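Novice:
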Amino acid sequence: MRRVIVNSTPLIVLCKIGRLDILKNLYGEIIIPQAVFSEVTAKKDSVCRQIREKEWIHVEQITDQSDKKMYRAKLHDGEVEVMILAQGMPKADLVVIDDNAAKKTAKYLGLTVTGTIGVLLRAKEAGIIENVSPVIKEMKQRGFYISAELERIVLKQANEFL
308 MRRVIVNSTP LIVLCKIGRL DILKNLYGEI IIPQAVFSEV TAKKDSVCRQ IREKEWIHVE
368 QITDQSDKKM YRAKLHDGEV EVMILAQGMP KADLVVIDDN AAKKTAKYLG LTVTGTIGVL
428 LRAKEAGIIE NVSPVIKEMK QRGFYISAEL ERIVLKQANE FL
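Using the working numbering, you'd call the opening residue of the sequence shown number 308 and step up by one each time.
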């Protein structure tokens, strides 16, 4: 089984649109660090309930809290723990994270990285979703930001021209 570690934004946005199943269907199981779990379950809302109910979402703790000091300057707690878990043994096959600084850090560390939009493209390729554009539209309606330029590029990649 692939070791896929997911940060909070992909979880939150997919929960808000009722499509957390995309992660399950693509990867089978995912791992989230304790800091991400704490963040997404802080409010007792539908996102919290969905995350708590999924047996295929596994919460892992980092073993050495002092490792966090290296990353603190530019990353949030959840992102830091994603990086630490991803570099552990066994090393992550994939990190799903949306923040640009965190993506750059993960790539610098030699990790394979994608974001929520990359997950959607992969889900379309795998036949899990029929089209990317309605999912992006719904995500945008729920507060997910994607630039018009990036949206055009993604829809072109997905063969869904505007």
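Ideal Cβ positions, reconstructed from N, Cα and C, are used throughout, including at glycine. All of these numbers come straight from a predicted model, not from anything done at the bench.
1. I'd like the ranges of any alpha helix (DSSP H) spanning at least 4 consecutive residues and lying wholly in the segment 318-397.
2. Check K457 in the structure and name its three-state DSSP category.
3. Under 7 Å between the Cβ atoms of E445 and I324?
4. Are the CB atoms of I404 and K398 nearer to each other than 7 Å?
5. Taking three-plus beta-carbon pairs below 8 Å as touching, is the segment 445-463 in contact with the segment 322-341?
6. Assuming E346 and G385 make a contact with CB atoms under 8 Å, what is their CB distance in whole Å?
7. Beta-carbon within less than 6 Å of E362's beta-carbon, same chain only, minus the 5 sequence neighbours each way: which residues are those?
8. If V311 sits next to I338, beta carbons under 8 Å apart, how far is it from one beta carbon to the other, in whole angstroms?
Specialist: Reading off the structure:
1. 328-334, 341-347, 353-360, 384-394
2. Working through the sequence shown from its first residue, we reach residue 457 at position 150. The question names Lys, but residue 457 in the sequence shown is Leu. Reduced to three states, the DSSP call for L457 is helix.
3. The residue given as residue 445 occupies position 138 in the sequence shown. The residue given as residue 324 occupies position 17 in the sequence shown. Yes; because the gap between Cβ atoms is below 7 Å, this pair is in contact.
4. Looking up residue 404 in the sequence shown gives position 97. Looking up residue 398 in the sequence shown gives position 91. Taking 7 Å as the cut-off, the Cβ atoms of I404 and K398 do not count as close.
5. The way I'd put it, the segment 445-463 does touch the segment 322-341; three or more beta-carbon pairs between them come closer than 8 Å.
6. Working through the sequence shown from its first residue, we reach residue 346 at position 39. Working through the sequence shown from its first residue, we reach residue 385 at position 78. With a beta-carbon spacing of about 5 Å, E346 and G385 fall inside the 8 Å limit used to define contacts.
7. Reading the sequence shown from its first residue, position 55 is the one you call residue 362. Correct list: empty, nothing qualifies.
8. Here residue 311 corresponds to residue number 4 of the sequence shown, with the count starting at 1. Here residue 338 corresponds to residue number 31 of the sequence shown, with the count starting at 1. Indeed they touch by this definition, with Cβ atoms about 7 Å apart.
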